[in-house]
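As numbered in this note's numbering, the sequence shown has no gaps in its residue numbers, which increase by one up to the final residue, 1208.
The beta-carbon is built from N, C-alpha and C at its ideal position, and this holds for glycine as well.
Everything on this sheet refers to the single structure shown next.
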Amino acid sequence: MSTRVFVPVTAGDLRVLAAEGALPAGTWSAHTVTDALRASWPDGDDEEWSYAALLTAAQESVERMADHPEEAGAPRRRVLAAEVAEVVASPDPDAAETGVGVSGPLPLSSVDALHVDEEDAEPVVGAAVRVLTDDRDAEDAETVAAALEACLEHDLGWYATQELDQLL
């Protein structure tokens, strides 16, 4: 049995995936429908829970861009939707209730789709990356939260893995 996970990535990660056919070995942060999510949202259903995990991964991709500016590329949220055999505890002890880890390598063959912002989201996502880069340790958590929340005004596009080269 496999688990659907949403893995936040950068443009650099996508270039590696295209060139190497896999993301390298390691524990990748990912999001999925967890028992904790179901318990915190008992009125939800599988579709709503999956969408929540996707959006959480999308927001985490903004953080990845801020953490790895050399890999960021155009400021767009990027998420891989993949089927994996096993998930592990999240590498981030403060992860959201959807947070899990995926032990790599993560082959392109396990990726079902890519979710990426359209070009019109770049100003908002870029602003969020700048706020995270500048204010991550600042006491103004509201500024960071508002910048990330503004990203949610943009829907992610769905792309087949055959379109990966077009997203680079």
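Check                                                                                                        : Outcome
Cβ pair count under 8 Å reaching 3, the segment 1183–1190 against the segment 1075–1089                      : no
Whole-angstrom distance between alanine 1121 and arginine 1044, CA atom to CA atom                           : 7 Å
The segment 1095–1109 / the segment 1155–1170 touching (three or more Cβ pairs under 8 Å)                    : yes
Residue from Asp1160, Leu1057, Thr1201 whose Cα sits closest to the Cα of proline 1115                       : Asp1160
Residue burial classification, aspartate 1157 (beta-carbon count within 10 angstroms, cutoff 16)             : buried
Close beta carbons around aspartate 1132, own chain, < 8 Å, minus the five adjacent residues each side       : Ser1069, Gly1139
For serine 1143: DSSP bridge partner residues                                                                : Thr1067
Pair within 8 Å by beta-carbon distance, alanine 1097 and valine 1119                                        : yes
Valine 1128 - partner residues in DSSP beta bridges                                                          : Gly1141
Neighbourhood of threonine 1201 by C-beta, 8 Å cutoff - its chain only, sequence neighbours within 5 removed : Leu1148, Val1151, Asp1152, Ala1153, Leu1154
Collapsed DSSP secondary structure at aspartate 1152 in the structure displayed                              : strand
The alpha helix (DSSP H) enclosing glycine 1084, as first and last residue numbers                           : No alpha helix (DSSP H) holds glycine 1084; DSSP gives it neither H nor E.
Per-residue burial, arginine 1170 [other beta carbons within 10 Å of its own, 16 or more giving buried]      : exposed
Length of the line joining the Cα atoms of glutamate 1100 and valine 1047                                    : 9 Å
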